[in-house]
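To convert, note that position 25 of the sequence shown is 27 in the working numbering; the numbers rise steadily by one, no gaps.
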Amino acid sequence: MLKITESSGNVFSDLGFENADELQAKSALARQISIVIKEKKLRQREAEEITGVNQGDISKIINGHCDRFSIDRLFSMLLKLGQDIEITVHPAQTGLGHINFMRA
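Dropping the structure here:
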């Protein structure tokens with residue numbers, strides 16, 4: 003029989019990763035980078051010229067392999083791609099806080 007478990011909202015936490023919040027943040031940032039590159043109709047080489055990140059790494063980020071990139075580096079890429087980043091910190095509604103990303 004198939005057992006279904008409700009997600010916590012963070013797949014990395016559900017899978018037992020110690021750094022689940024960081025991995026979720028990196029994944030969300032990588033997704034935003036991928037969306038921006040697609041919306042701007044950039045080739046990976048063009049994204050390389052704009053961001054200063056080599057084409058191989060651009061490909062890894064687009065394909066969701068972002069664990070070796072720092073959050074700072076992913077932020078820097080978004081800024082160079084012409085994106086504003088807004089960070090809001092407020093009290094959690096429950097005991098532990100969480101990270102939430104929204105695209106305007």
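C-beta: ideal position from N, C-alpha, C; glycine also.
**Prompt:** Are there three or more Cβ pairs, one per stretch, closer than 8 Å when the region 42–53 is compared with the region 7–19?
**Reply:** no
**Request:** Check each candidate in Asp69, Gly97, Phe77 and Ile89 and name the one with the smallest Cα separation from Val38.
**Result:** Looking at the Cα atoms, Phe77 is the closest of the given residues.
**Prompt:** To the nearest whole angstrom, what separates the beta carbons of Asp69 and Leu31, a pair I think is in contact under 8 Å?
**Reply:** Going by Cβ atoms, the distance from Asp69 to Leu31 rounds to 12 Å, so no, they are not a contact pair.
**Prompt:** Hey, is the region 70–90 in contact with the region 50–57, meaning 3+ C-beta pairs nearer than 8 Å?
**Reply:** yes
**Where the alpha helix (DSSP H) containing Met79 begins and where it ends** = Ile73 to Lys82
**Asked** Run through DSSP, which three-state label would Glu88 get?
**Response** coil
**Request:** Express the C-alpha separation of Pro93 and Ile35 in angstroms, rounding to a whole number.
**Result:** 28 Å
**Message:** Please state whether the Cβ-Cβ distance between Ile73 and Ala27 is less than 8 Å.
**Reply:** yes
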